[in-house]
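Listed in order, the protein sequences are those of chains R and C.
0 is the number of the first residue of the first sequence in numbering that gives the first Met the number 0; add one for each residue after it.
0 is the number of the first residue of the second sequence in numbering that gives the first Met the number 0; add one for each residue after it.
Everything below concerns the one structure shown next.
2 protein chains.
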Amino acid sequence: MKYLFEASVGGGIPIIHPMHQCLAANEITEIVGILNGTTNYILTQMIKNGESFDNALGIAQQLGYAEANPAADIEGIDACRKIAILADLAFGRQISPDKIYTEGITNVDSEDVKYAESQNCVIKLIGYCKKDGDMVFARVSPMFVPKESALSGVDDVFNAILVRGNAIGETMFYGRGAGKLPTASAVVSDMIDIARDNCNGIMWTDEGDDFIMDINDSKVKWFVRASQSKVKDAERLFGAIDLTFIKDTEFGFTTPKLTEGELSRKIEEMGGMIKFVRVLE
Amino acid sequence: MKYLFEASVGGGIPIIHPMHQCLAANEITEIVGILNGTTNYILTQMIKNGESFDNALGIAQQLGYAEANPAADIEGIDACRKIAILADLAFGRQISPDKIYTEGITNVDSEDVKYAESQNCVIKLIGYCKKDGDMVFARVSPMFVPKESALSGVDDVFNAILVRGNAIGETMFYGRGAGKLPTASAVVSDMIDIARDNCNGIMWTDEGDDFIMDINDSKVKWFVRASQSKVKDAERLFGAIDLTFIKDTEFGFTTPKLTEGELSRKIEEMGGMIKFVRVLE
C-alpha cells in the first residue's frame, strides 16, 4: 500500500513530489515556509492596509478565508502540522507536531508591523526547520522577514516554501495554498501518478525523538520591544544596538544571534520587556 | 529509451518534473519565466547599482557569469531555447526555437530602467508562452514587470518560472538557474528516477507549426518612448495616456493592449519613435 499526499502541504503547489523526487540528490538543510494562507491574508491586510488584527480577521472571515472558529489557523496549529510533514520528508525522521514550538499571530499588533517596516522587513508567520549536525530543529512563529528575501513578497492567501539544499542552494515553490481547484489539482496529480504506477513510497522512520533540538538551544536574532526607561539597560546587556522609536512609551532593537535561553536571561535582567519577535536571516 | 532532462531549464530548480507530473491535472495556459541568470544578473546591476549595460556585462564576465562571447545569453538565444522546451511540455506540440520571436537585452539602457521605475516596474528578460484557443504563442523579450508580480523580486543569477494552470491558478518555481552543483542536483535526481524506474517518458508531437501564432497577432501593452515634439500625435493616436518625462528630449507612455501590427501602424503615423518595451500584465 502506498500513500501520496501532495495536497497536504501548500495546497496546489507541487512541493512533496519535488522535495522527494527532484531534490533527491541533495541533503536538505533548511526549510522556511509561509504555510498558512489565512494568517498570511490577515498579516497582509495589517501590513498593506493598516488594519488591526481583529478587523483583518473579520475581513478574512467575511471572505471565507478564515473559519468561524479560526483557532487552527491563527494559533499556528495548521502551519505546525505542515512544517512537521516537510521536516519528516526532509530529514527522514518523524517529528511529531506536539514537539514543535508553535506560536500563532494573535499577539501581532500594528506596532509590530511598523517596527518590521523600520527594519526593512515584513512580519510573516513562518514555519521553519533546520538540520544542525545530528539534530533537527523546528518551530512556527511570527518572524521579521527582510524585504530582500523572496518570501517577503508572498502576500494574501499565497503560500511559499523555500528549501535549502547542499547542492541546489536555495529554491522556492510558490502558489495558492488552499482552495477547491488547487487542492484538486494536487490530488488528481497523485491519482495520475498511481495510475501510471509512477510513484515510490515516501518513507521515514518514527523511532524516538532524541534528535529534536530543544527550543532553548536554537539560535536566532530577536527584535525586542521594551519600556522607554530601559534604554541604558538594553545597551549594557545587548552591546551595540540600533534603537528604533515609533511611540513615546517604548523602543525597539534587534539583538545579535542568541539562543532562546540567553535571550530570556538578558530580558529578565533588563526588565520592562513588552514583546519580542524572531528575525529571519 | 527514455530521456530525462530536468537540468535543461532552470538549472537546479525542479520544473520539468513538477510540470509534467505534479501539474498533470491542469491545462497549462501560460508560462512566464526569468530563464537566463546572466542577463538577470546584468539587469539587476543596472537596476540596483545604476550600472550601464556595458559595465554590468563587464562585471558579469569578471565574475564568470557571462562568457567571453556572451551572445547566446545577451541576445536571448539561451532563454529562447528554454521557453521552447517549456512550451513543448506545456502544450504537447513542438515549437522550434527558430519560430520564436527573440529579442535580447543589448538595447536596454539606463533610461529604460528609469522609465520602468516610474511605472512601478522593473525591466526583466522574459520568456513567455501562452495558449490562445487552438493557437500557441511564444516570445522572448525585455519586459516591464510590475512590482506586485512575484517575478519582479527575482534578482541576480536567480531564475524563476511562473506557471498558470486552469486548476492551480498561479504557481512559481524559483532558484539558481545555473552553476555546477545546482545542475548536478537536477542531473542526479534524474538518474535516481531512472534507477528507481520512476519515470514516464515525456512526449510531444513535432508535426507542423500551423498552431503557432504570428507575433503580429499577439496582444500586449507597450511602453513607448518618443521625441518630445510628438506628444500631441501620441495623444491623438493612443487616446488617454499618462505621460512620463525623465529627460528633456523625449517622453514615455504606456499604451492600451495592442497587437504588434496595430502598434507598428500607430508608431509609423506618430513618427519620432525612440524605443518600445512590452509590459507584463
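Positions of the beta carbon are idealized from the N, C-alpha and C atoms, including for glycine.
Three-state class that DSSP yields for residue i in the structure shown
i         : result
Arg224(R) : strand
Gly125(R) : According to the sequence displayed, residue 125(R) carries Ile and not Gly. Residue state, collapsed to three classes: strand.
Val186(R) : helix
Ser95(C)  : coil
Gly164(C) : strand
Tyr100(C) : strand
Val139(C) : strand
Val278(R) : strand
Strand pairing of residue i, partner residues [DSSP]
i         : result
Thr37(R)  : DSSP output for Thr37(R) lists no bridge partner at all.
Val107(C) : For Val107(C), which the question treats as bridged, DSSP gives no partner whatsoever.
Asp131(R) : Met134(R)
Gly174(R) : Asn158(R) and Thr170(C)
Pro145(R) : Cys120(R)
Met272(R) : Ala225(R)
Lys218(R) : Thr258(R)
Arg195(R) : DSSP, once it has assigned bridges, lists no residue as partnering Arg195(R).
Ile211(C) : Val135(C)
Whole-number beta carbon distance between residue j and residue i, since they are thought to touch under 8 Å
i         : j         : result
Lys218(C) : Thr258(C) : 5 Å
Val162(C) : Ile30(C)  : 5 Å
Val223(R) : Asp111(R) : So it is not a contact: roughly 12 Å between Cβ atoms.
Asn165(C) : Pro145(C) : 23 Å between Cβ atoms; not a contact.
Phe172(R) : Arg92(R)  : About 22 Å; that fails the 8 Å criterion.
Thr182(C) : Ala6(C)   : 5 Å
Val121(R) : Ser151(R) : 5 Å
Ser188(R) : Cys128(C) : Actually they are not in contact, since the Cβ atoms of Ser188(R) and Cys128(C) sit about 21 Å apart, beyond 8 Å.
Asp72(C)  : Thr105(C) : Their Cβ separation, rounded to whole angstroms, is 10 Å, which puts Asp72(C) and Thr105(C) out of contact at 8 Å.
Ala177(C) : Val153(C) : Their Cβ separation, rounded to whole angstroms, is 14 Å, which puts Ala177(C) and Val153(C) out of contact at 8 Å.
Ile290(C) : Leu279(C) : With chain C running from 0 to 280 in the structure shown, residue 290(C) is simply not present.
Ala137(C) : Ala67(C)  : Contact flag wrong, Cβ pair sits at about 29 Å.
Ile214(C) : Ile14(C)  : Contact flag wrong, Cβ pair sits at about 25 Å.
Lys229(C) : Gly271(C) : 4 Å
Leu3(R)   : Ile193(R) : 7 Å
Met261(C) : Ala225(C) : Note that residue 261(C) is Glu in the sequence shown, not Met. So it is not a contact: roughly 16 Å between Cβ atoms.
Glu268(R) : Leu236(R) : 6 Å
Tyr114(R) : Ile245(R) : 6 Å
Ile27(R)  : Ala89(R)  : 4 Å
Pro17(R)  : His16(C)  : 7 Å
Gly174(C) : Gly11(C)  : 6 Å
Ala86(R)  : Val8(R)   : 11 Å between Cβ atoms; not a contact.
Ser109(C) : Met212(C) : Between Met212(C) and Ser109(C) the Cβ distance is about 33 Å, and since that is not below 8 Å, they are no contact.
Leu42(C)  : Val107(C) : 7 Å
Gly75(R)  : Glu50(R)  : That belief does not hold up - the Cβ atoms of Gly75(R) and Glu50(R) are roughly 20 Å apart, past 8 Å.
Phe252(R) : Ala233(R) : 6 Å
Asp208(R) : Lys98(R)  : 6 Å
Tyr40(C)  : Tyr64(C)  : 5 Å
Gly247(C) : Gln227(C) : The residue asked about is misnamed: residue 247(C) is Asp in this sequence, not Gly. Their Cβ separation, rounded to whole angstroms, is 7 Å, which keeps Asp247(C) and Gln227(C) in contact under 8 Å.
Proximity test, residue i beta-carbon vs the ligand FAD heavy atom, cut-off 6 Å
i         : result
Ile122(C) : This structure lacks the ligand FAD; in fact it carries no ligand of any kind.
Beta carbon proximity, residue i to chain A, threshold 7 Å
i         : result
Ser188(C) : No chain A is present in this structure, whose protein chains are R and C.
Inside the region 233-261 of chain C only - beta strand (DSSP E) runs reaching at least 3 residues: You should have 249-253.
Whole runs of the alpha helix (DSSP H) within the region 5-64 of chain C, excluding any shorter than 4 residues: Runs found: 36-48 and 52-61.
Where the region 23-36 of chain R meets chain C: residues whose CB sits under 7 Å from a CB there: Taking 7 Å as the Cβ-Cβ cut-off against chain C, the residues of the region 23-36 of chain R that qualify are Ala23, Ala24 and Asn25.
Where the region 157-177 of chain C meets chain R: residues whose CB sits under 9 Å from a CB there: For the region 157-177 of chain C, the residues whose beta carbon sits under 9 Å from a beta carbon of chain R are, in order, Phe157, Ala159, Leu161, Val162, Gly164, Asn165, Ala166, Ile167, Gly168, Glu169, Thr170, Met171, Phe172, Tyr173, Gly174 and Arg175.
Chain-ordered residues of the region 6-21 of chain R with a beta carbon less than 7 Å from chain C: Taking 7 Å as the upper bound on Cβ-Cβ separation, chain C lies near residues Gly11, Ile12, Pro13, His16, Pro17, Gln20 and Cys21 of the region 6-21 of chain R.
Near-chain C residues of the region 136-153 of chain R - C-beta to any C-beta below 7 Å: Within the region 136-153 of chain R, the qualifying residues are Ala149 and Gly152.
Residues of the region 96-107 of chain C whose Cβ lies closer than 8 Å to any Cβ of chain R, in chain order: Against chain R - using a Cβ distance shorter than 8 Å - the region 96-107 of chain C contributes no residues.
Members of the region 66-97 of chain C that neighbour chain R once the beta carbon cut-off is set at 8 Å: Those would be none; no residue qualifies.
Short-range partners of chain R found in the region 177-192 of chain C, where Cβ spacing is below 7 Å: Cβ contacts with chain R: Leu180, Pro181, Ala183, Ser184, Val187, Ser188, Ile191 and Asp192.
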